[in-house]
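K.L.:
Under the numbering used here, the very last position in the sequence shown is 154; numbers go up by exactly one each time.
Cβ atoms here follow ideal geometry from the backbone N, Cα and C, with glycine treated the same way.
Here the structure is a predicted model, which is why all the values come from computation and not from measurement.
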Amino acid sequence: MIRDTFQPELDEFTGDLESYATGSYLSEEDRENWFEPFDVAAVAEVRDVVERYFDALDALSAQREPASQEALMAVVDLVTADLNAVNANHDDAVLEPEERETLVPLLLRAARAAGLDEGHDDLPERDF
27 MIRDTFQPEL DEFTGDLESY ATGSYLSEED RENWFEPFDV AAVAEVRDVV
77 ERYFDALDAL SAQREPASQE ALMAVVDLVT ADLNAVNANH DDAVLEPEER
127 ETLVPLLLRA ARAAGLDEGH DDLPERDF
C-alpha cells in the first residue's frame, strides 16, 4: 500500500533527477558548455533505496499489531544512511537542497502513512 501510494511521486522525482543528470532538459546550444553533474546511474541507486524504504514500511504496516515507533524510526534511520551513502559515493552532488525539498516530505509522508507519530519530525534536518 505504501509503495503503491507513493511510487508515482518517486517516479516523478527520479524522472526529474535523471533529466537533470543527463541535461535532457537543455537545448542543443545550452548543452555545448554543459557538464554532467553526476553519473546518471546514481538516479537508479536513489530509486532503489527509496523503493526498499517503501517496501520496509509496507512490511511493518502489514503486521497484525501496529508497528512500534522504534521499528519505524529504524527504517527511517536506514533510508537516511543509505541515501547518505549514495550521495557520498557521487561527491555529494545528487541530493542537494533542491532535491531534498521534494524528497524529504515524500519520505516523511510515507512514514506517517505507516504509522509514524507526528512527534517524530527530525527527518527534514537529517543530512543526505
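Would you kindly report the start and end of the unbroken alpha helix (DSSP H) that includes V72?
P.N.:
Here the alpha helix (DSSP H) through V72 covers A67 to S87.
K.L.:
Could you please give the first and the last residue of the uninterrupted alpha helix (DSSP H) stretch that includes S45?
P.N.:
Note, S45: alpha helix (DSSP H), I28 to T48.
K.L.:
Relative to the C-alpha of R29, which residue among A68, D81 and L104 is closest?
P.N.:
The residue with the shortest Cα to Cα distance from R29 is D81.
K.L.:
Secondary structure at A93, three-state DSSP: helix, strand or coil?
P.N.:
Coil, per DSSP.
K.L.:
Using beta-carbon positions only, say whether V76 and V105 come within less than 8 Å of one another.
P.N.:
Yes, the Cβ-Cβ distance between V76 and V105 is below 8 Å.
K.L.:
Can you tell me whether T31 is buried or exposed, with buried defined as 16 or more other CB within 10 angstroms of its CB?
P.N.:
Label assigned to T31: exposed.
K.L.:
Using a 10 Å radius around the Cβ and a threshold of 16 neighbouring Cβ atoms, would you call A137 buried or exposed?
P.N.:
Buried, because 16 or more other Cβ atoms sit within 10 Å of the Cβ of A137.
K.L.:
Considering P131, what are the terminal residues of the alpha helix (DSSP H) in which it resides?
P.N.:
Start and end: P123 to A139.
K.L.:
So, helix, strand or coil for V120, using DSSP?
P.N.:
V120: coil per DSSP, three-state reduction.
K.L.:
So what's L104 in DSSP terms, helix, strand or just coil?
P.N.:
DSSP places L104 in helix when its eight states are reduced to three.
K.L.:
Is the beta carbon of V112 sitting closer than 8 Å to the one on E71?
P.N.:
Yes. Within cutoff.
K.L.:
If you run the structure through DSSP and keep just helix, strand and coil, what is D56?
P.N.:
If DSSP states are grouped into helix, strand and coil, D56 belongs with the helices.
K.L.:
When you compare each of A47, P34 and A139 to L216 by their alpha carbons, which one comes out closest?
P.N.:
The displayed coordinates of the chain run from 27 to 154. Any statement about residue 216 would go beyond what the structure contains.
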